[in-house]
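Numbered according to UniProt numbering, the sequence shown terminates at residue 229, and the numbering increases by one at each position without gaps.
Where is the CB? At the ideal position from N, CA and C, for every residue including glycine.
Shown next, in structure tokens, is the structure this report addresses.
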Amino acid sequence: MADDGASAPQSQTLDRGLRILEHLATLATPQPVAEVAAAVGLHRSIAYRLLRTLEDHQLVERDGAGHYRLGLGVAALARGVRTDLQAAALPRLDALAAELGMTAFLVVRAGDEAVTVASVEPHDTAAHVSYRPGTRHPVGRGGPGLALLMSEPPAPQDRAELQEARRVGWASSHGEVIPGLRSIAAPVLGPDGGARAALAVVYVDDGVDVDRVGRSVVEAAAKVTAALR
Numbered sequence: 001m002a003d004d005g006a007s008a009p010q011s012q013t014l015d016r017g018l019r020i021l022e023h024l025a026t027l028a029t030p031q032p033v034a035e036v037a038a039a040v041g042l043h044r045s046i047a048y049r050l051l052r053t054l055e056d057h058q059l060v061e062r063d064g065a066g067h068y069r070l071g072l073g074v075a076a077l078a079r080g081v082r083t084d085l086q087a088a089a090l091p092r093l094d095a096l097a098a099e100l101g102m103t104a105f106l107v108v109r110a111g112d113e114a115v116t117v118a119s120v121e122p123h124d125t126a127a128h129v130s131y132r133p134g135t136r137h138p139v140g141r142g143g144p145g146l147a148l149l150m151s152e153p154p155a156p157q158d159r160a161e162l163q164e165a166r167r168v169g170w171a172s173s174h175g176e177v178i179p180g181l182r183s184i185a186a187p188v189l190g191p192d193g194g195a196r197a198a199l200a201v202v203y204v205d206d207g208v209d210v211d212r213v214g215r216s217v218v219e220a221a222a223k224v225t226a227a228l229r
């Protein structure tokens with residue numbers, strides 16, 4: 001049953017707004033109010049008021065059809081997250097995007113989710129995939145999520161894709177987060193040898209030399225690891 005908000009304490013208002021942002025971050029295309037409300041379990045009128053407030057703060061925006069997506073304010077907030085990590089990663093993201101002609105991005109783990117905190121798009125390509133900061137997905141899915149798990153001790157229930165990632169040094173996926181998109185990622189390691197973050201690229205072309213891209217991503221991640229020491 002949808003929550004009508006009648007008896008909700010003030011703290012739940014923030015919780016609901018955050019749930020809306022987290023939901024929008026998973027979408028490949030904008031969504032109408034009714035679908036947003038249903039996805040997060042809120043009454044339509046409550047979801048609408050929250051969306052309008054978030055829009056006032058540029059955290060969401062509407063397209064021409066009145067459908068909602070994350071706004072540019074989310075990227076502004078993300079720029080303040082883990083600034084040492086981002087400062088070390090951004091030059092490598094720029095270099096990867098230029099070298100491979102793909103969008104390169106930085107992902108960190110937040111609980112059971114992988115969250116994009118920075119991205120760089122290539123400048124000299126006819127077409128490329130956009131991947132916004134704030135995008136999140138379960139940590140066990142997608143190349144970046146698998147890369148965040150690569151440094152953990154192997155377990156019998158590990159996916160075959162995770163086992164292969166540990167063998168070759170980078171993780172890959174196809175359509176696990178957004179249908180049709182492929183990603184390749186490698187971990188950025190902390191002082192304890194655990195994954196502090198993951199560097200990744202996203203693309204569509206199935207004719208890409210995956211091994212070459214994987215090596216480039218691993219090299220870039222290693223440079224970020226070294227810069228953080």
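With a Cβ-Cβ cutoff of 8 Å, do residue i and residue j count as a contact?
i	j	result
Gly73	Gln86	no
Leu228	Ala104	no
Ala186	Val213	no
Ala197	Leu106	yes
Ala65	Leu93	no
Val60	Leu18	no
Ala28	Ala37	no
Val208	Ser183	no
Pro122	Ala98	yes
Val129	Leu181	yes
Ser151	Gly111	no
Ala165	Leu146	yes
Ala91	Asp63	Residue identity differs from the one stated: residue 91 is Pro in this sequence, not Ala. Not closer than 8 Å, so no.
Arg44	Ala34	yes
Glu113	Val139	yes
Val188	Ala221	yes
Under three-state DSSP, which class holds residue i?
i	result
Thr135	coil
Ser45	helix
Thr53	helix
Ser119	strand
Glu61	strand
Asp206	coil
Ser7	Residue confidence is low: Ser7 scores 48 on pLDDT, short of 50, so the model does not pin down where it sits. No coordinate-derived value is stated.
His128	coil
Thr13	helix
Arg229	coil
Gln163	helix
Gly143	helix
Ala220	helix
Ala25	coil
Gly214	helix
Any idea if residue i is buried or exposed, counting beta-carbon neighbours within 10 angstroms, 16 or more meaning buried?
i	result
Gly71	buried
Thr135	buried
His137	buried
Val204	exposed
Leu148	buried
Ser172	buried
Leu54	buried
Pro156	exposed
Val224	buried
Gly142	buried
Pro154	exposed
Thr116	buried
Gly101	buried
Ser11	exposed
Ser7	Low confidence applies here, because Ser7 scores a pLDDT of 48, under 50, leaving its location unreliable and the question unanswered by this model.
Leu14	exposed
Arg16	buried
Kindly identify the DSSP beta-bridge partner or partners of residue i.
i	result
His174	Arg182
Thr83	Partner(s): none; Thr83 has no beta bridge.
Arg109	Ala114
Leu189	Ala195
Arg69	Glu61
Ala104	Val120 and Val201
Gln31	Tyr68
Check whether chain D comes within 8 Å of residue i, counting only Cβ atoms and requiring the distance to be less than that.
i	result
Ala76	Of the chains in the structure shown, none is chain D; there is only one protein chain.
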